[in-house]
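**Q** Pasting a structure here, questions to come.
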Amino acid sequence: MENQGHTRKEFIQVAAVTGAAAVLAGAGFNRMANAAPSESITQLAIFGYHPEKAEEAAENLAKLAKAVEDAEPDVLAYIPHLDEKANEVVFFEVYRNQEALINHSKQPHMKNLGPLFASVFKPPLKIVKLKNVGGFSR
């Protein structure tokens, strides 16, 4: 597990790379099957949210996920979850390749996420890189 401490500016920049979002349509899972396992990147992005802002967090994550789904075909999975006991957002993300991950960080909808860290979300941001060793999705 990788835990990176960041200044506020660095955190917002890293948050723009990983994002936060809501439900991914089934089409994303179908695309996962078409990605070469050796090239795909799977990670978790974990950060906090203010408990009194849970609804606002969920709404903004849903909007972000929809924007990613519509604009980024090489993001194969982008599924946010709220851990209500820990007050954390946990994203499950799969990118077709490194280029898709880099492109993700440059999208306008990701840059719009930064201001929400002042009021809805909170650091620290943890990125956990995962190695796929089997399994399936339907």
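So that you can map any letter, position 104 of the sequence shown is 93 in the numbering used here, and since no number is skipped, the others follow by simple counting. Ideal Cβ positions, reconstructed from N, Cα and C, are used throughout, including at glycine.
Buried or exposed: where does Ala75 fall if 16 or more other Cβ atoms within 10 Å of its Cβ makes it buried?
**A** Exposed.
**Q** Between which two residues does the beta strand (DSSP E) harbouring Val78 extend?
**A** First-last of the beta strand (DSSP E) with Val78: 77 to 84.
**Q** Indicate the three-state DSSP secondary structure (helix, strand or coil) for Met21 in the structure shown.
**A** Per-residue confidence for Met21 stands at a pLDDT of 45, beneath the threshold of 50, marking its modelled position as unreliable; no derived number is given.
**Q** Expressed to the nearest angstrom, what Euclidean distance is found between the alpha-carbon atoms of Lys115 and Gly103?
**A** Distance between the alpha carbons of Lys115 and Gly103 is about 16 Å.
**Q** Can you check the stretch 34 to 77 for any beta strand (DSSP E) of at least 3 residues that lies completely inside it and give the ranges in chain order?
**A** Taking only runs of at least 3 residues, the beta strand (DSSP E) segments lying wholly in the stretch 34 to 77 are 64 to 72.
**Q** Using the Cα positions of Ala107 and Gly123, report the straight-line distance between them to the nearest angstrom.
**A** When rounded, the distance between both Cα atoms is 39 Å.
**Q** Do Ala47 and Glu82 have their C-beta atoms within less than 9 Å of each other?
**A** Taking 9 Å as the Cβ cut-off, Ala47 and Glu82 do not qualify as a contacting pair.
**Q** Rounded to whole angstroms, what's the CA-CA distance from Phe36 to His93? Just pull it up for me.
**A** Phe36 and His93: Cα-Cα distance of roughly 18 Å.
**Q** Could you tell me which residues DSSP pairs with Ile30 in its beta bridges?
**A** Partner(s): Tyr84.
**Q** For Val137, which beta-bridge partners are listed by DSSP?
**A** Outside the shown range of the chain, which is -10 to 127, sits residue 137, and nothing can be said about it.
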